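Heads up: the sequence shown is residues 1 to 291, going by the UniProt record's numbering.
What follows is one structure encoded as structure tokens, with my remarks underneath.
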Amino acid sequence: MRVKYVLSEVLVGLWRNVTMTIAMIITMAVSLTMLGASGLMYLQVDTMKKFYYDKIEVAIFLKVDVPEEQRDGIKGELETDPLVDSVIFESGEDAYNKFKLMFADAPDLVNAVKPEQLPESFRVKLKNPEEYQAVYDKYKDTEGVDEIVDQRRLLDKIFNILSAVQKMGLVAASIMAIAALLLVGNTIQVAAYSKRREVAVMKLVGASNWFIQAPFVLEAVVAGLIGSLIGFGALVLGKVFLLDGSLHDLTDLLTPIEWSRVLLMLPLMAGVGSLVSAVTAWVTLRFYLRV
């Protein structure tokens, strides 16, 4: 009987303040959507780092007209280096063929460059990409070596930008969460004020604190859960129509987001939405109803 009464009061409370309930749900949905998106981005940046760092190479460019013996000596030293996983020699002709593919849309630029103008190089894959500095220090003064370039430095700039976007998303989600908390607290206050006489009567007849507070707390929890479902739906739509749709051509650059990670956001968003709503409602009632 008590459970039935509490549930009926929850439904009545949500409908009584329907406009504020809708506003609370929408605010919570936006906040949780940004939280879920930030969580996905956080996981994806780590995945992209592992994916690209396993593929990056150190490019050791040789000076023009380097003697063959000197070039073979550098190659032999690289192949026996314990820090090196594999070595690929790239001739000027090979570099020119890559150059033509990269700048196929700019024929004037391609025609202005000759194969002999592009330096020979060794494409070195390290066993541990973090050991770049040791390799650089070891080969930078080697005779015949002109320049050493680490692709990781270029990738770090991209990942720094993604990390900044990640932090901005968390900040925006935090701001929206604060707005949602204030709205939840205000909605609970209004609901409690509208039922102040019923609460007073319940106190007089000896109703327990949890029995008085339960309908208000559950109202906030239901609103939080609905908001989390809406937010999760937004993430699913973004995955289907944005990442797998209009941005599908960028999959060569962006590693695909797996559905398992998207589904992982549902319990996270539902848990955060319901817990935050419940705690906010309970704290508000403790100060407002004094029960």
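The C-beta atom is built at its ideal place from N, Cα and C for all residues, glycine as well.
Predicted, not measured: the structure shown is a model, and the values here were computed from it.
Opposing strand residues paired with residue i [DSSP bridges]
i      : result
Asp150 : Val58
Val145 : Leu62
Spatial neighbours of residue i in its chain, beta-carbon cut-off 6 Å, leaving aside the 5 residues before and after
i      : result
Glu79  : Val87
Ser228 : Leu32, Met269, Ala270 and Gly273
Phe232 : Leu266 and Met269
Ala136 : A small fix is needed here, since residue 136 is Tyr in this sequence, not Ala. Result list for Tyr136: Ile148, in chain order.
Asp150 : Val58 and Tyr132
Lys239 : Val262
Ile230 : Ala29
Ile226 : Ile25
Span of the beta strand (DSSP E) around residue i
i      : result
Glu90  : Val84 to Glu90
Lys125 : Ser121 to Leu126
Pair within 7 Å by beta-carbon distance, residue i and residue j
i      : j      : result
Ala220 : Ala180 : no
Leu183 : Met24  : yes
Glu68  : Gly92  : no
Val262 : Leu235 : yes
Gln70  : Gly144 : yes
Asp85  : Lys50  : no
Met34  : Gly224 : no
Val217 : Ala164 : no
Met176 : Val30  : yes
Span of the alpha helix (DSSP H) around residue i
i      : result
Val135 : Tyr132 to Tyr139
Glu69  : Glu68 to Glu79
Contacting residues, own chain, Cβ-Cβ under 7 Å from residue i (five flanking each side not counted)
i           : result
Met1        : The pLDDT assigned to Met1 is 42, lower than 50, so where the model puts this residue is not dependable, and the model offers no usable value.
Arg123      : Glu57, Ala59, Ile88 and Glu90
Thr284      : Gly185, Ile188 and Gln189
Glu147      : Phe61
Lys75       : Val87, Phe89 and Phe122
Leu101      : none
Thr142      : Ile74
residue 305 : Given that the chain is displayed from residue 1 to residue 291, the structure contains no residue 305 and the question cannot be resolved.
Lys140      : Ile148
Within-7 Å CB hit, residue i to chain B
i     : result
Thr47 : The question asks about chain B, but that chain is absent: this structure has only one protein chain.
Beta-carbon contacts of residue i that lie in its chain and below 8 Å, excluding the five residues immediately before and after
i      : result
Ala134 : Leu83
Val66  : Glu120 and Gly144
Asn128 : Leu83
Lys63  : Pro119, Gly144, Val145 and Asp146
Leu162 : Met41, Val45 and Met48
Met20  : Leu183, Asn186, Thr187 and Val190
Val18  : none
Phe159 : Val45, Met48 and Lys49
- Item | At least three beta-carbon pairs within less than 8 Å, the segment 59-71 to the segment 254-274 | no
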